[in-house]
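Asks: So the protein sequences, as listed, match chains A and B.
For the first sequence, my numbering gives the first residue as 1, with consecutive numbering after it.
For the second sequence, my numbering gives the first residue as 1001, with consecutive numbering after it.
Quick reminder that beta carbons are idealized off the backbone N, C-alpha and C, glycines included.
No experiment lies behind these values; they were computed from the predicted model shown.
Number of protein chains: 2
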Amino acid sequence: MPRSALLHRLGVEVPILLAPMAGAGGPALAIAVARAGALPALPCAMLDADTLRRQVAEVRAAYDGPLNLNFFCHQPSAPDDGAQRAWRDRLTPYYRAFDLDLSAQAPATERRPFDAACCALVEQLRPGVVSFHFGLPDDALLTRVKATGAVVLSSATTVAEARWLAARGVDAVIAQGLEAGGHRGSFLDVDPASQIGTFALVPLIRDAIAVPVIAAGGIIDARGIEAAFALGAGAVQLGTAFLRTPQATISSLHRAALAAADAPTQLTNLFSGRPARGLRNRLMAELGPIAEVPPFPTAGHALAPLKQAAEHQGLTDFSPLWAGQAYPLARDDDATAITRQLATAIVGHPRR
Amino acid sequence: MPRSALLHRLGVEVPILLAPMAGAGGPALAIAVARAGALPALPCAMLDADTLRRQVAEVRAAYDGPLNLNFFCHQPSAPDDGAQRAWRDRLTPYYRAFDLDLSAQAPATERRPFDAACCALVEQLRPGVVSFHFGLPDDALLTRVKATGAVVLSSATTVAEARWLAARGVDAVIAQGLEAGGHRGSFLDVDPASQIGTFALVPLIRDAIAVPVIAAGGIIDARGIEAAFALGAGAVQLGTAFLRTPQATISSLHRAALAAADAPTQLTNLFSGRPARGLRNRLMAELGPIAEVPPFPTAGHALAPLKQAAEHQGLTDFSPLWAGQAYPLARDDDATAITRQLATAIVGHPRR
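Here you go:
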């Protein structure tokens, strides 16, 4: 399937997908990239039905093309009071240092898996593209999603995951290289030590499956897009490239840390219970980036009061600062302008 | 500095460098790639002076162009009897299972750092290219190497390392992405968690330094070479691509494991004391790939009898099976034929 056929199927002119970034991307970012011909996305895992409906309506008021609604497919784990208690114990010195009560609560990020209610919303909203992270929903739900006419995408972090997704009928596989910011989409092999860089993952997956490959991880500028095409990708998915745009909804502290570009990124499970890539901060340095924490997505509950207290003091010690490895290549600019420049650079290339 | 200028400086026609692979590459592999116009290399860290002289003479008898002699620049650590004892204790169950005496000895890999004696050899042999791993030798030795007219290369695994090398006058920096097989060249930040994939590392380093960048890690075929050029590399260094050639000197067990392509690669320090990428085997699975081991390069001493005994039984349980992440893309073929095909694919490209 040549690239043009994939673009036709996705319904866009420009082979760029906005990465769905929970907490960083919303309607404004989606509209901005859509204006330049790329595929917009809304991260839905943290939204209730009303908010999701409102956000889709907001995008639709500005743009009538395909929209990628992204959902998580994790198996919710049973509440684990012992793990929560052990985690609070481990965090006790920080609670004391920030003068917080050990029973303090603060609003924490909730992430719910795709279920029948989400599916009913998709049937109602008919977004055109539906993407999943951490695998796929069960067959019955997947069949319903496909019946809406939606193009179905999901992320693979290994060749085995790509084969698993292709066998279940996804229309394209997102090859999520180790460089990617945010949560690894892993669902078969979650060992961070076996995760593969974009440079190796894209051609390995390209050779293993018949459906098109969308490259993600480490792609910020036209060089990265051209390299992804050379490796066999039919399109690219960019997230970190848009984090410093005015349309991104990250905190000013997160924004400043990206601009300073003086920290490495690491995979960490401290903030949610699953490995995700972000700028190394105090918590990651002091506990180690991968530790025994409560199961996804509940590890963040005990951190929420600390994050709130530290951010009030201008500190990112307990904040997830999601970013891909190539984040120093990203810049402050409008998301539409960035997308247009990338599209021009690709189209302007003699081979494209 | 455009790519042609780098090639002119290296003295080759084809922008491919053979990766120096101690234990896997020798004169036969060097000659084979040189015949196709790429830059040959000899890994010297494990060779005594006589063997090195003999190997260089063997290459020179078949080829009179530039040859890359590669040396290690690690700081040798003081003998640590306590660490050796703890490591043998940890391995005791394996010694028992293989019916080995706990004081058993077997020839172990020695790796010596570049010193005045090595430098005298370089002055005598005048290879044309000298490359270093784990940093650079001290200023006095480096000045002497440069005085031979040699092009000097060294590997960087982070932007800070690339800047450090460029400031000390290397002629080009090898950007060694996380995908690369064998030892990480890290010397400033050795935390495996902060290591960067080729896709992000090449453009980050390209933007940070003025000297040319040679991409390494995950590059097996023409797709990878084209992608590396798109990211800003002036040449590429390939190692894993040649492991399955008849000219490679790996064991038949290592060769069979590569062909089976059923194990992931991981970074492990078990075999030498420093992180290096190889196929996951029993030892890595059971102890975890990164553990408390004696300092580089002595961690392999206590493993040598186990490796020998297991290999006699056809097992790779204790053998380092170095390989890059993209190793399933490599194939059985002659090294000259592989190099010629890659060179043709690059030159045949309309833009090249």
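Tell me the rounded alpha-carbon separation between A:T198 and A:V236.
Replies: Here the question's residue 198 of chain A lines up with position 198 in the first sequence. Here the question's residue 236 of chain A lines up with position 236 in the first sequence. So the alpha carbons of these two residues sit roughly 11 Å apart.
Asks: Please report the straight-line C-alpha distance between B:L1142 and B:M1046, rounded to a whole angstrom.
Replies: Mapped onto the second sequence, residue 1142 of chain B falls at position 142. Mapped onto the second sequence, residue 1046 of chain B falls at position 46. So the alpha carbons of these two residues sit roughly 20 Å apart.
Asks: Using a Cβ cut-off of 9 Å, pull out every chain B residue sitting near A:Q237, in sequence order please.
Replies: For this step, residue 237 of chain A is matched to residue 237 along the first sequence. In chain order: nothing, as chain B lies at least about 13 Å away.
Asks: Taking only beta-carbon atoms, is A:T198 less than 8 Å away from chain B?
Replies: The residue you call residue 198 of chain A lines up with position 198 of the first sequence. Yes, A:T198 counts as interfacial toward chain B.
Asks: Anyone know if the C-beta pair for A:L67 and A:A38 falls short of 8 Å?
Replies: Locating residue 67 of chain A in the first sequence gives position 67, counting from the first residue. Locating residue 38 of chain A in the first sequence gives position 38, counting from the first residue. No. Outside cutoff.
Asks: Given that A:P264 touches chain B, what residues does it touch there, using C-beta distances under 7 Å?
Replies: As a first step, residue 264 of chain A is located in the first sequence; it is residue number 264 there, counting from the start. Residues of chain B passing the Cβ test: S1194.
Asks: Give every residue of the same chain whose Cβ lies closer than 7 Å to the Cβ of B:G1232, excluding the five residues on either side of it in the sequence, and list them in chain order.
Replies: Locating residue 1232 of chain B in the second sequence gives position 232, counting from the first residue. V1202, P1203, R1206, V1213.
Asks: In whole angstroms, give me the CA-to-CA distance for B:R1280 and A:L303.
Replies: Here the question's residue 1280 of chain B lines up with position 280 in the second sequence. Here the question's residue 303 of chain A lines up with position 303 in the first sequence. Approximately 35 Å between the Cα atoms of the pair.
Asks: Looking only at its own chain, which residues have a Cβ that is under 6 Å from the Cβ of B:I1220, when we skip the five neighbours before and after it?
Replies: Taking the second sequence and counting its residues from 1, one reaches residue 1220 of chain B at position 220. Counting only Cβ-Cβ distances below 6 Å, and skipping sequence neighbours, we find A1241, A1326, L1329, A1330.
Asks: What are the start and end residues of the beta strand (DSSP E) that includes A:L178?
Replies: Here residue 178 of chain A refers to the residue found at position 178 when the first sequence is read from its first residue. Element bounds for A:L178: n/a, residue is neither H nor E.
Asks: So B:P1136 and B:A1222 are supposed to be a Cβ contact under 8 Å. How far apart are they, rounded?
Replies: Along the second sequence, read from residue 1 onward, the residue named residue 1136 of chain B stands at position 136. Along the second sequence, read from residue 1 onward, the residue named residue 1222 of chain B stands at position 222. The question names Pro, but residue 1136 of chain B is Leu in the sequence shown. At roughly 32 Å, the Cβ-Cβ gap does not stay under 8 Å, so B:L1136 and B:A1222 are not in contact.
Asks: What separation, rounded to the nearest whole angstrom, lies between the Cα atoms of B:P1264 and A:H183?
Replies: Translated into the one-based positions of the second sequence, residue 1264 of chain B becomes position 264. Translated into the one-based positions of the first sequence, residue 183 of chain A becomes position 183. So the alpha carbons of these two residues sit roughly 21 Å apart.
Asks: Counting only C-beta atoms, is B:R1223 closer than 8 Å to chain A at any point?
Replies: For this step, residue 1223 of chain B is matched to residue 223 along the second sequence. Cβ-Cβ to chain A under 8 Å: yes for B:R1223.
Asks: Please list the partners that A:Q325 has in chain B, where partner means a Cβ-to-Cβ separation under 7 Å.
Replies: One-based indexing of the first sequence puts residue 325 of chain A at position 325. Correct list: I1196, G1197, A1200.
Asks: Which residues mark the beginning and the end of the beta strand (DSSP E) in which A:V56 is found?
Replies: If you number the first sequence from 1, residue 56 of chain A lands on position 56. From DSSP, A:V56 is part of no beta strand (DSSP E) but of the alpha helix (DSSP H) over 49-62.
Asks: Assuming A:D317 and A:L283 form a contact by the criterion Cβ under 8 Å, report the distance between their Cβ atoms to the nearest whole angstrom.
Replies: Mapped onto the first sequence, residue 317 of chain A falls at position 317. Mapped onto the first sequence, residue 283 of chain A falls at position 283. The pair is a contact, with the Cβ atoms about 6 Å apart (cut-off 8 Å).
Asks: Would DSSP call A:H301 helix, strand or coil?
Replies: Here residue 301 of chain A refers to the residue found at position 301 when the first sequence is read from its first residue. A:H301 falls in the coil class under three-state DSSP.
Asks: When the cut-off is 8 Å and only beta carbons count, does A:E226 lie next to chain B?
Replies: By one-based count along the first sequence, residue 226 of chain A stands at place 226. Closer than 8 Å to some Cβ of chain B, the Cβ of A:E226 qualifies, so yes.
Asks: Against chain B, does A:G37 count as a neighbour if the rule is that its beta carbon must be under 8 Å from one of theirs?
Replies: To locate residue 37 of chain A, count along the first sequence from 1; it is residue 37. So no, A:G37 is outside the interface.
Asks: Look up A:P350 in the DSSP assignment and say whether it is helix, strand or coil.
Replies: Walking along the first sequence from the start, residue 350 of chain A turns up at place 350. Bear in mind that the predicted position of A:P350 carries a pLDDT of just 43, short of 50, making it unreliable; the figure below should be weighed with that in mind. It is coil, neither helix nor strand.
Asks: Cβ of B:E1179 less than 8 Å from any chain A Cβ?
Replies: Here residue 1179 of chain B is taken as the residue at index 179 of the second sequence, counted from 1. Yes, because at least one Cβ of chain A sits closer than 8 Å to the Cβ of B:E1179.
Asks: According to DSSP, what are the bridge partners of B:Q1266?
Replies: Locating residue 1266 of chain B in the second sequence gives position 266, counting from the first residue. B:Q1266 pairs with B:G1278.
Asks: Report yes or no: do three or more beta-carbon pairs, one from the stretch 1109-1120 of chain B and one from the stretch 1330-1339 of chain B, lie closer than 8 Å?
Replies: With a cut-off of 8 Å, the stretch 1330-1339 of chain B and the stretch 1109-1120 of chain B do not count as touching, because too few Cβ pairs lie within range.
Asks: Count the other CB atoms within 10 Å of the CB of A:V12; is the residue buried (16 or more) or exposed (fewer)?
Replies: Position 12 of the first sequence, counting from 1, holds the residue named residue 12 of chain A. Counting Cβ neighbours within 10 Å, A:V12 comes out buried, since at least 16 surround it.
Asks: Which class does A:H74 belong to by DSSP, given the choice of helix, strand or coil?
Replies: Counting from one through the first sequence, the residue named residue 74 of chain A turns up at place 74. A:H74 falls in the coil class under three-state DSSP.
Asks: Is there contact between the stretch 51-59 of chain A and the stretch 27-42 of chain A, where contact requires at least three CB pairs shorter than 8 Å?
Replies: The answer is yes - the stretch 27-42 of chain A touches the stretch 51-59 of chain A, with three or more Cβ pairs under 8 Å.
Asks: Do B:C1044 and B:H1133 have their C-beta atoms within less than 8 Å of each other?
Replies: The residue you call residue 1044 of chain B lines up with position 44 of the second sequence. The residue you call residue 1133 of chain B lines up with position 133 of the second sequence. Result no, Cβ atoms of B:C1044 and B:H1133 do not sit closer than 8 Å.
Asks: Among A:Q84, A:G82, A:R126, which has the Cα closest to the Cα of A:A69?
Replies: Counting from one through the first sequence, the residue named residue 69 of chain A turns up at place 69. Residue identity check: residue 69 of chain A is Leu in the sequence provided, not Ala. The candidate whose alpha carbon is nearest that of A:L69 is A:R126.
Asks: Going by Cα to Cα distance, which pick from A:T148, A:I174, A:T92, A:D139 is closest to A:V157?
Replies: Here residue 157 of chain A refers to the residue found at position 157 of the first sequence. It should be pointed out that residue 157 of chain A corresponds to Thr in this sequence rather than to Val. Nearest of A:T148, A:I174, A:T92, A:D139 to A:T157, Cα basis: A:I174.
Asks: List, from N- to C-terminal side, the alpha helix (DSSP H) runs of 4 residues or more that fit wholly inside the stretch 1096-1165 of chain B.
Replies: The stretch 1096-1165 of chain B contains these whole alpha helix (DSSP H) runs: 1116-1125, 1139-1147.
Asks: Of all Cβ atoms in chain A, is any one closer than 8 Å to the Cβ of B:T1234?
Replies: Along the second sequence, one-based indexing puts residue 1234 of chain B at 234. Looking at the sequence itself, residue 1234 of chain B is Gly, so the reference to Thr does not match. B:G1234 does not count as touching chain A.
Asks: Return no unless some Cβ of chain A is closer than 8 Å to the Cβ of B:A1230.
Replies: Counting from 1 along the second sequence, the entry for residue 1230 of chain B is found at position 230. Yes, its Cβ sits closer than 8 Å to a Cβ of chain A.
Asks: Have a look at A:R277, A:S103, A:A5, A:A106 and flag the residue whose alpha-carbon is nearest the alpha-carbon of A:S186.
Replies: Indexing the first sequence from 1 puts residue 186 of chain A at position 186. Nearest C-alpha to A:S186: A:R277.
Asks: Which residue wins for smallest C-alpha separation from B:W1322, given the options B:R1274, B:V1347, B:L1306?
Replies: By one-based count along the second sequence, residue 1322 of chain B stands at place 322. Closest by alpha carbon: B:R1274.
Asks: Against B:G1023, what residues of chain A qualify as contacts under a CB-to-CB distance less than 9 Å, listed in chain order?
Replies: One-based indexing of the second sequence puts residue 1023 of chain B at position 23. Within 9 Å Cβ-Cβ: nothing; B:G1023 doesn't reach chain A, min ~22 Å.
Asks: What are the boundary residues of the alpha helix (DSSP H) that includes A:I290?
Replies: Here residue 290 of chain A refers to the residue found at position 290 when the first sequence is read from its first residue. Careful: A:I290 lies outside any alpha helix (DSSP H) and carries neither H nor E.
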